[in-house]
Amino acid sequence: MLQKETDMLKIALVTNFNIPEKLRAAADTADKLIGEGGTVLIAAFNRDKLMRAHRNRPEFRYLPIDTLYAEADIIIVLGGDGSILEAARRAATRGTPILGINFGRLGYMAELEAGETDSLHQLFTGDYTLEKRSMLRVDLLGTGGELKSFCYALNDAVVSNGSVARVIDLELRENGEPVTTYRADGLIIATPTGSTAYSMSAGGAIVDPTVPCFCVTPICPHSFAARPLIFSDRSVLEIRNICVREKQLYLTVDGKISFEMGRGQSVRVTRSKPETKLVRFRKNGFYRVLCQKLQDSHF
1002 MLQKETDMLK
1012 IALVTNFNIP
1022 EKLRAAADTA
1032 DKLIGEGGTV
1042 LIAAFNRDKL
1052 MRAHRNRPEF
1062 RYLPIDTLYA
1072 EADIIIVLGG
1082 DGSILEAARR
1092 AATRGTPILG
1102 INFGRLGYMA
1112 ELEAGETDSL
1122 HQLFTGDYTL
1132 EKRSMLRVDL
1142 LGTGGELKSF
1152 CYALNDAVVS
1162 NGSVARVIDL
1172 ELRENGEPVT
1182 TYRADGLIIA
1192 TPTGSTAYSM
1202 SAGGAIVDPT
1212 VPCFCVTPIC
1222 PHSFAARPLI
1232 FSDRSVLEIR
1242 NICVREKQLY
1252 LTVDGKISFE
1262 MGRGQSVRVT
1272 RSKPETKLVR
1282 FRKNGFYRVL
1292 CQKLQDSHF
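Residue numbers (this note's numbering): 1002 to 1300.
What follows is the structure, given as structure tokens:
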């Protein structure tokens, strides 16, 4: 629990202010927070949008995006899971908790729906808990094993042929030892949080977020023997591009960040030290929430 001892709780509002529905919701949310005595932080590049919409308030503090995440005590995200994922990558290294208000389709990670913002007063009374979610550290390696780039992921890392649906060949290793090779459209390594995203759609297991593991799921495998696998999150997993026909593949992290991955290059996945902290007002079990979200989606 994050109990604020100082006078003002600094809360950042993150949303797509270009969408009128979200802009109105953010402004109404800001009114509630200011009424409770909070300080509202907003990314500086959104100032003109709020001015044009006549939604600016003198109490707002406009900050550069990195400063906003550094100064905020809590991040409120008005959006879907994609918006929460992006906020998680920025907030995790600073340990800043995230409260999601769902304006997407499913909103697995959101705590509130659009009409439930009256619960925001609990941020000021301390009547909430923080749920920790494990993340991935995803390293892109060169052909000689040298580090080229890295990032963090709350959901998953995916190696595929990009937008072209064509079979590729990949080698999977655990702690330096070969596990298997895949001929498939791609391969997903997901956290338990990400097990309900792309991995689930590809036939992977659904895993409770408290289980310390990695989920490895092939995408449309061209083999009866290829099955989803579960590894301990203490493992070091590595996916190597061994594709002969396709010179270049793509690594996509949380469906957002993309890297080119040449022949002979590898992706190394480990559990990251930073974690995502989600604000929870209720004590709903994971599977109860999952079943409710799936029923409400009308899929």
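Note that CB positions come from ideal geometry on N, CA and C, so glycine has one too.
None of the values given here were measured: they were computed from a predicted structure.
Distances from the alpha-carbon of THR1144 to those of ILE1012, LEU1279, MET1262 and GLN1293 put MET1262 closest. Under the rule that a run must span 3 or more residues, the beta strand (DSSP E) segments found entirely inside the region 1069-1116 read 1075-1080 and 1099-1103.
Between ALA1227 and GLY1205, the gap from beta carbon to beta carbon reaches 9 Å or more.
Within the region 1246-1298, the complete alpha helix (DSSP H) segments at least 4 residues long are 1287-1298, listed from N- to C-terminus.
Taken through DSSP and simplified to helix, strand or coil, SER1135 comes out as coil. In this model, LYS1011 and ILE1207 are separated by some 36 Å (Cα to Cα). About 6 Å separates the CB atoms of SER1273 and LEU1137; that is less than 8 Å, so the two are in contact.
Around the Cβ of SER1161, a 10 Å sphere holds 16 or more other Cβ atoms; the residue is buried. About 7 Å separates the CB atoms of ASP1082 and LEU1107; that is less than 8 Å, so the two are in contact. With respect to the 9 Å criterion, ILE1099 and LEU1238 are not classified as neighbours on the basis of their beta carbons.
For TYR1129, the closest alpha carbon among the candidates TYR1251, LEU1064, ARG1283 and GLU1060 is that of ARG1283. Taking the Cα positions, ARG1289 is about 43 Å away from ARG1264. Counting C-beta atoms within 10 angstroms of its own C-beta, LEU1148 has fewer than 16 neighbours from the protein chains shown and is therefore classed as exposed.
Inclusion of ARG1167 and GLU1247 in the CB contact set at 9 Å is warranted, their separation being smaller than that value. Residue pairing by DSSP puts THR1016 in a beta bridge opposite LEU1079.
The secondary-structure analysis by DSSP pairs ASN1242 across a beta bridge with LEU1171. Judged by beta-carbon spacing, CYS1216 lies beyond the 9 Å limit of ILE1240, meaning their Cβ atoms are not closer than that value.
Here LEU1155 carries a coil assignment [DSSP, helix/strand/coil]. For the 9 Å CB-CB criterion, THR1040 and LEU1079 do not form a contact.
The alpha carbon of ALA1045 has as its nearest neighbour, out of ASP1170, CYS1244 and LEU1069, the alpha carbon of LEU1069. With contacts defined by Cβ atoms closer than 9 Å, ASP1119 and ARG1091 do not form a contacting pair. The Cβ atoms of PRO1193 and SER1135 lie closer than 9 Å to each other.
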